[in-house]
Structure formats: structure tokens, C-alpha cells
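Participant: Residue numbers (our numbering), protein chains in the order written: chain A, 1 to 108; chain B, 109 to 223.
In this text, a Cβ means the ideal position worked out from N, Cα and C, and glycines have one as well.
No experiment lies behind these values; they were computed from the predicted model shown.
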Amino acid sequence: KNEVEQSPQNLTAQEGEFITINCSYSVGISALHWLQQHPGGGIVSLFMLSSGKKKHGRLIATINIQEKHSSLHITASHPRDSAVYICAAPGEGDKLIFGTGTRLQVFP
Amino acid sequence: DSGVTQTPKHLITATGQRVTLRCSPRSGDLSVYWYQQSLDQGLQFLIQYYNGEERAKGNILERFSAQQFPDLHSELNLSSLELGDSALYFCASSVGLAAKVDTQYFGPGTRLTVL
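Have a look at this one:
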């Protein structure tokens, strides 16, 4: 069993839809990272959060440390949101452990 | 643009060869992390340096080594290359040394193809 699991693995949506990507982890952590990997391969750090909720534009990330669960929401999705979204948690020795990613495609 | 630079962008080489990947962190960042992303394994942590010193080691093969220089740039050396080493190699940098409190900024990656 992976220490960091994401669901769904693949997600397709119509432009304008509300999207939710989930991340569950078995390691004991105090923070979690959400990353976006563009089709060209580049990785952008979206959020790092240790409690509650963070918002940046149309992106919202929430975390529940006790339940070991985090969600990434995208409101009013757009084709340019098409990417792979990866969550990562610091595991033993503070080394980041990555989920396998959620591939999102948003169609116009 | 994250401010982290990596060279080269692409590298094609043969089995048994040795290559060096280079990373320059964002101005002011003291930590450099190296990650490998292969098709079958996803993103994996290799090694972290903080202000010139090795701080953490992940699943890094003995054929791989890294260092961080006084100007804080870092190099990842891969030797005796095998087909399975073909992957995207990313470096990331952060101000501090803790993944649980510091945002990491990723470079554009080096795509290594071993033929």
C-alpha cells in the first residue's frame, strides 16, 4: 500500500465544472504539498498547507490532519487547468513522498 | 518561471556512460533537492543538500552522487548508466531545510534518455 494515495487517477471535465481531487496518506505528517505538472513536464508548487484551507484564485486546498486527508478543488474549470496534479507528504526523515498523480483533462 | 535553472534540458547517452546534471537554485535558497521521475515509479526523492552539506538521502543508487558547491549550485552525477535510468530529473530549491514547512520551487527538469 502506497503511503500517499490519490483519487481519481484520471478525471475529465467540461469547462466550468467544479473539480475535486483527493489525497489520503498513511504517514504521520504535519503538512502536505500540492503540485501541478504541465503537459510539457514542468512542475509548479500550488500549495503547502498544514491545517484548514488555502485559496489561490480558482484553486482551493483543504486538509484534515486527524483524518489524514486533503482535497484540491478547482472552481469554474478551464482547459488550461489540464495537467497532472500531485500531492506529496513529508515522510520519515522529512523526505517528500509523492502520490501517483491525477491526470485532469478539461474540455471546452 | 520558478527561478530554478537546470541544464541541460535534454541528454541522450549510451549505457555505461557517465553524465552530470546541473541545478542553480533560486536566489537566497539554501536547500537543493533532487528528484527522479520515471514512467513506472513516479516522482521519487533522491537527495537533499542544505548550504553545502548533505542533509537527507532517499532511494539514490550507489552509481549516483551529488554535491552542492559554495555558490549553492548543485550537480547530480550519474555513472555506469543503464536503460532504466532514463527519466526526468528535477531539482527543487527552498529557503530552509524542512519539507514540512518550506515550499519547494522546481526547475524545468532534465530529460535523460539512455540508449
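From the DSSP secondary-structure annotation, give me the bridge partner or partners of E161(B).
Facilitator: On the second sequence, position 53 is the one that residue 161(B) refers to. Bridge partners of E161(B): Y158(B).
Participant: Quickly, what does DSSP pair V44(A) with across the bridge? List them, please.
Facilitator: Taking the first sequence and counting its residues from 1, one reaches residue 44(A) at position 44. Paired residues: Q36(A).
Participant: How is P116(B) classed by DSSP in three states: helix, strand or coil?
Facilitator: Start at 1 with the first residue of the second sequence, and residue 116(B) comes out as number 8. P116(B) falls in the coil class under three-state DSSP.
Participant: Given that P90(A) touches chain B, what residues does it touch there, using C-beta distances under 7 Å?
Facilitator: Within the first sequence, numbered from 1, the residue matching residue 90(A) stands at position 90. Chain B residues near P90(A): A207 and K208.
Participant: Would the beta-carbon of F98(A) fall within 9 Å of that of Q14(A)?
Facilitator: For the purposes of this step, residue 98(A) is taken as residue 98 along the first sequence, with counting starting at 1. For the purposes of this step, residue 14(A) is taken as residue 14 along the first sequence, with counting starting at 1. For F98(A) and Q14(A), no; Cβs fall outside 9 Å.
Participant: Use the C-beta contact count for H38(A): other C-beta atoms within 10 angstroms, 16 or more gives buried, fewer gives exposed.
Facilitator: Walking along the first sequence from the start, residue 38(A) turns up at place 38. Burial call: exposed.
Participant: Taking only beta-carbon atoms, is Q152(B) less than 9 Å away from chain A?
Facilitator: Looking up residue 152(B) in the second sequence gives position 44. Yes, Q152(B) counts as interfacial toward chain A.
Participant: Please identify the residue among P116(B), R126(B) and L138(B) whose C-alpha is closest to the C-alpha of P178(B).
Facilitator: As a first step, residue 178(B) is located in the second sequence; it is residue number 70 there, counting from the start. Nearest C-alpha to P178(B): L138(B).
Participant: Which of the three DSSP states, helix, strand or coil, is assigned to P90(A)?
Facilitator: Sequence index remark: in the first sequence, residue 90(A) carries index 90 (1-based). Three-state result, P90(A): strand.
Participant: Give me the Cβ distance between Q36(A) and T100(A), rounded to the nearest whole Å; I'm assuming they're in contact under 8 Å.
Facilitator: Taking the first residue of the first sequence as position 1, residue 36(A) is located at position 36. Taking the first residue of the first sequence as position 1, residue 100(A) is located at position 100. About 15 Å; that fails the 8 Å criterion.
Participant: With the cut-off set at 9 Å, would you say Y213(B) and L129(B) are in Cβ contact?
Facilitator: For the purposes of this step, residue 213(B) is identified with residue 105 of the second sequence, where counting begins at 1. For the purposes of this step, residue 129(B) is identified with residue 21 of the second sequence, where counting begins at 1. For Y213(B) and L129(B), no; Cβs fall outside 9 Å.
Participant: Give me the chain A residues within the contact set of F172(B), using Cβ-Cβ distance strictly less than 8 Å, ordered along the chain.
Facilitator: Position 64 of the second sequence, counted from the start, is the residue given in the question as residue 172(B). The contacting residues do not exist; F172(B) stays about 16 Å from chain A at best.
Participant: T75(A) CB to nearest chain B CB: under 9 Å?
Facilitator: Here residue 75(A) corresponds to residue number 75 of the first sequence, with the count starting at 1. Closer than 9 Å: no.
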